[in-house]
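Report on the following structure.
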Amino acid sequence: MACHSICIHECISLFSKFHCLSIIKLMESLNHFLPAQSVQTISKWLTNYDCTLTVKKSRSSKLGDYRYFQNKHYITINEDLNPYSFLITLTHEIAHMMITDKYSSRVAPHGKEWKSEFKTLMLGFIPIFPNDIQQCLAIHLKNPKASSSSDYTLVKTLRKYDKNPTLTISDIPDGSIFSIPNGKRYIKEKKIRTRFHCKSLNNNRIYLFNPLTEVQI
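Residue numbers for the sequence shown follow this note's numbering, beginning at 149 and rising by one.
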């Protein structure tokens with residue numbers, strides 16, 4: 149992509165002719181990011197609200213977010229997500245938008261109302277996903293987490309469909325020497341509960357790593 153941040157969806161006019169033109173424009177833009185079978189549904193959802201959707205340069209802290217400001221809805225999604233990850237993340241944020249529209253701030257951000265809304269929205273997309281992702285989603289949607297990134301099995305499966313899959317610490321055997329993006333090197337030791345214990349080659353201290361940490365060997 150030429151730009152790191154592009155506004156896909158501008159505020160929709162109340163006049164029907166502009167509304168139709170905006171849907172067409174939005175669908176054309178979303179085709180670059182989403183599975184084709186989901187574009188029409190997503191576009192309809194977005195155009196039913198005064199929403200601005202922006203695709204952002206990759207952010208390590210989050211995959212997407214939603215906010216409500218001055219009676220308008222804003223959603224941002226990272227540009228580097230594969231189509232399946234993009235769809236799940238965008239639907240997650242759209243569920244926030246719909247719940248905010250229904251309840252304002254009277255309910256918890258990831259409470260039962262949001263979970264029910266997200267599950268309902270996602271169920272229509274299940275046939276779009278490959279079988280392995282479908283299996284993960286069947287479990288994930290029983291009790292959706294505040295962030296899909298905290299669902300290790302789902303994230304690991306989704307990453308198989310990245311254009312350039314990365315190596316994670318869970319992919320390498322115990323005893324391997326690896327480095328992380330900042331250049332520091334470690335020895336992978338053992339996994340205790342949900343984290344890998346690794347010894348730093350710089351100071352011999354033990355550090356805990358998320359199983360999805362990207363590494364180089």
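Think of the CB as a built atom: it goes at the ideal place given N, C-alpha and C, for glycine as much as any other residue.
Determine the DSSP secondary structure at arginine 215, reduced to helix, strand or coil.
Position 67 of the sequence shown, counted from the first residue, corresponds to residue 215. DSSP places arginine 215 within a strand segment (E or B) once states are collapsed to three.
Could you check where the beta strand (DSSP E) with leucine 356 kicks off and where it finishes?
Within the sequence shown, the letter at position 208 stands for residue 356. Judged by DSSP secondary structure, leucine 356 falls within the beta strand (DSSP E) whose first and last residues are 354 to 357.
Candidates Gly259, Tyr222, Asn230, Glu337: closest to serine 206 by CA position:
Locating residue 206 in the sequence shown gives position 58, counting from the first residue. Residue nearest to serine 206 within the set Gly259, Tyr222, Asn230, Glu337 is Asn230 (criterion: CA-CA distance).
What separation, rounded to the nearest whole angstrom, lies between the Cα atoms of serine 253 and glutamine 218?
Indexing the sequence shown from 1 puts residue 253 at position 105. Indexing the sequence shown from 1 puts residue 218 at position 70. Straight across, the Cα-Cα distance linking serine 253 with glutamine 218 is about 14 Å.
For leucine 201, which residues does DSSP report across the bridge?
Taking the first residue of the sequence shown as 1, we reach residue 201 at position 53. In DSSP, leucine 201 forms a bridge with Ile223.
Residue closest to leucine 194, alpha-carbon to alpha-carbon, out of Phe181, Tyr222, Ala184:
One-based indexing of the sequence shown puts residue 194 at position 46. Of the listed residues, the one whose Cα sits closest to leucine 194 is Tyr222.
DSSP on threonine 361, reduced to helix/strand/coil?
For this step, residue 361 is matched to residue 213 along the sequence shown. When secondary structure is reduced to three states using DSSP, threonine 361 falls in the coil class, being assigned neither helix nor strand.
Whole angstroms are fine: how far does the CA of asparagine 179 sit from the CA of lysine 192?
Taking the first residue of the sequence shown as position 1, residue 192 is located at position 44. Taking the first residue of the sequence shown as position 1, residue 179 is located at position 31. Computed Cα separation, rounded: 14 Å.
DSSP bridge partner residues for histidine 345 (one or two, in chain order)
Here residue 345 refers to the residue found at position 197 of the sequence shown. In DSSP, histidine 345 forms a bridge with Leu356.
Classify threonine 314 as buried or exposed, calling it buried when 16 or more other Cβ atoms lie within 10 Å of its own Cβ.
In the sequence shown, counting from the first residue as 1, residue 314 sits at position 166. Result: exposed.
CA nearest to the CA of leucine 238, picked from Ser264, Val203, Ser209, His258:
As a first step, residue 238 is located in the sequence shown; it is residue number 90 there, counting from the start. Put simply, of Ser264, Val203, Ser209, His258 the residue whose alpha carbon is nearest the alpha carbon of leucine 238 is Val203.
Apart from the five residues just before and just after arginine 333, which ones in its own chain have a Cβ nearer than 8 Å to its Cβ?
Here residue 333 refers to the residue found at position 185 when the sequence shown is read from its first residue. Here the set comprises Ile325, Phe326, Ser327, Ser348, Leu349, Asn350.
Cα-Cα separation between threonine 316 and cysteine 284, rounded to whole angstroms
Position 168 of the sequence shown, counted from the first residue, corresponds to residue 316. Position 136 of the sequence shown, counted from the first residue, corresponds to residue 284. C-alpha separation (whole angstroms): 19 Å.
Provide the residue(s) that pair with tyrosine 334 in DSSP beta bridges, ordered along the chain.
Residue numbering aside, residue 334 sits at position 186 when the sequence shown is read from its first letter. DSSP lists Phe326, Ser348 as the beta-bridge partner residues of tyrosine 334.
Straight-line Cα distance separating phenylalanine 357 from aspartate 249:
The residue labelled residue 249 in the question sits at position 101 within the sequence shown. The residue labelled residue 357 in the question sits at position 209 within the sequence shown. Going by the C-alpha atoms only, they are around 38 Å apart.
Measure the C-alpha to C-alpha separation of cysteine 199 and lysine 290 and round it to an integer number of angstroms.
For the purposes of this step, residue 199 is identified with residue 51 of the sequence shown, where counting begins at 1. For the purposes of this step, residue 290 is identified with residue 142 of the sequence shown, where counting begins at 1. Near 28 Å, if we compare the C-alpha coordinates of lysine 290 and cysteine 199.
Note the first and the last residue of the continuous alpha helix (DSSP H) segment covering tyrosine 232.
Locating residue 232 in the sequence shown gives position 84, counting from the first residue. DSSP places tyrosine 232 in the uninterrupted alpha helix (DSSP H) bounded by 231 to 251.
Going along the chain, which unbroken runs of the beta strand (DSSP E) with 3 or more residues stay wholly within the region 242 to 324?
The region 242 to 324 contains no whole beta strand (DSSP E) run of 3 or more residues.
Take leucine 271 and list the residues in its own chain whose beta-carbon comes closer than 8 Å to its own, dropping the five residues that flank it on each side.
What you label residue 271 is simply residue 123 of the sequence shown in a count that begins at 1. Leu289, listed in sequence order.
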